[in-house]
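With the first letter of the sequence shown counted as 1, position 183 gets the number 185 in the numbering used here; the numbers rise by one all the way through. A virtual CB, placed ideally from N, CA and C, is assigned to each residue, including glycine. See below for the structure under consideration.
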Amino acid sequence: MIKVLVFGATGRMGLEVIKAISDSKTFKLVTAIGSPHSKYIAHDTGILSCGRANNVLVSTSLNGILEDVDVAIDFSSPDSSIDCLRYCAEKAIRFISGTTGFQDHHHKEIQILSKKTAVCIASNFSQGIALMSMLVEMASKTIGHDTQILINETHHKDKVDAPSGTAIDLAASIHKRYKNNNADKEVRFSSTRSGSDIGSHKVSFISKNESIFLNHEVTDRAVFSSGALMAAKWIIEKDHGIFSMRDVLSLS
3 MIKVLVFGAT GRMGLEVIKA ISDSKTFKLV TAIGSPHSKY IAHDTGILSC
53 GRANNVLVST SLNGILEDVD VAIDFSSPDS SIDCLRYCAE KAIRFISGTT
103 GFQDHHHKEI QILSKKTAVC IASNFSQGIA LMSMLVEMAS KTIGHDTQIL
153 INETHHKDKV DAPSGTAIDL AASIHKRYKN NNADKEVRFS STRSGSDIGS
203 HKVSFISKNE SIFLNHEVTD RAVFSSGALM AAKWIIEKDH GIFSMRDVLS
253 LS
């Protein structure tokens with residue numbers, strides 16, 4: 003079985019991943035690290051995630067890990083994520099991260115640490131978003147330079163970053179086309195934070211005579227945890243380098 007460390011274990015996505023592992027015959031949860039400020043420290047992660055005890059308690063330190071780990075799955079914060087990656091790089095543990103909000107200095111360190119272990123970074127582990135990213139890039143190769151591009155994204159009221167990491171990545175797919183042609187293109191963002199919306203993204207290409215709309219909506223957060231486990235299984239065969247969900251799905 004693939005032995006997993008979940009980092010950010012008491013957050014929404016951390017608990018979703020732990021629940022998915024509990025239902026899997028391929029993965030085994032061996033360590034769960036949560037925020038030192040969490041009220042769930044030393045609680046059973048199985049009880050927290052799905053109501054079934056698994057005897058893996060929420061810890062706060064990477065230094066206390068006793069069992070071997072094959073892959074770490076991280077849903078935390080940028081600085082904490084880098085701390086986890088440093089640990090994984092030293093131990094040659096594969097690293098999967100759905101953390102968003104990385105800045106340039108974070109990306110530079112990820113680049114350096116990826117020489118020691120395999121890293122998969124995805125702002126969104128949905129297979130649908132990976133496909134949408136490819137379609138957005140394809141559309142950007144054919145539209146005219148007079149086309150207006152708008153990305154609308156909606157998430158629950160507690161999501162901190164805006165625009166979302168997924169929206170930023172979709173814009174990067176658009177800019178990729180223009181950079182290849184020594185040009186640039188403005189992409190406008192619209193972000194909404196309300197209710198309990200898991201996540202929806204709409205990319206609009208609007209020209210004088212026609213418009214193209216690409217939409218993606220998540221209806222169950224389980225799509226992210228299943229995607230993260232798919233990436234974890236895939237990356238076990240990699241020794242080092244930086245990868246995305248498009249690599250995992252052979253969509254690059």
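DSSP places G66 within a helical segment (H, G or I) once states are collapsed to three. Excluding its 5 nearest sequence neighbours in each direction, I238 has C-beta neighbours in its own chain below 8 Å: I4, D72, V73 and R96, listed in chain order. According to DSSP, residue pairing for K204 in a beta bridge involves N154 and N217. With fewer than 16 other Cβ atoms from the protein chains shown falling within 10 Å of its own Cβ, E212 counts as exposed. Beta-carbon to beta-carbon, A230 and V19 are separated by about 6 Å, close enough to satisfy the 8 Å threshold.
Within the model, the alpha-carbon separation for N56 versus G243 is close to 33 Å. The C-alpha of E155 is placed about 13 Å away from the C-alpha of S125. Residue pairing from DSSP leaves S82 without any beta-bridge partner. One Cα belongs to S40, the other to A224, and the distance between them is close to 23 Å.
By the criterion of at least three beta-carbon pairs nearer than 8 Å, the segment 102-109 is in contact with the segment 76-86. When DSSP reads this structure, C52 sits in no beta bridge, so it has no partner. Secondary structure at R248: helix, using DSSP grouped into helix, strand and coil. A34 is bridged by DSSP to V8 and V60. Here I214 is actually not in contact with H158; their C-beta atoms are around 28 Å apart, not less than 8 Å. Residue environment analysis places P38 among the exposed positions, since fewer than 16 neighbouring C-beta atoms fall within 10 angstroms of its C-beta.
At a Cβ-Cβ threshold of 9 Å, S175 and E139 count as neighbours. DSSP links R190 through a beta bridge to L152.
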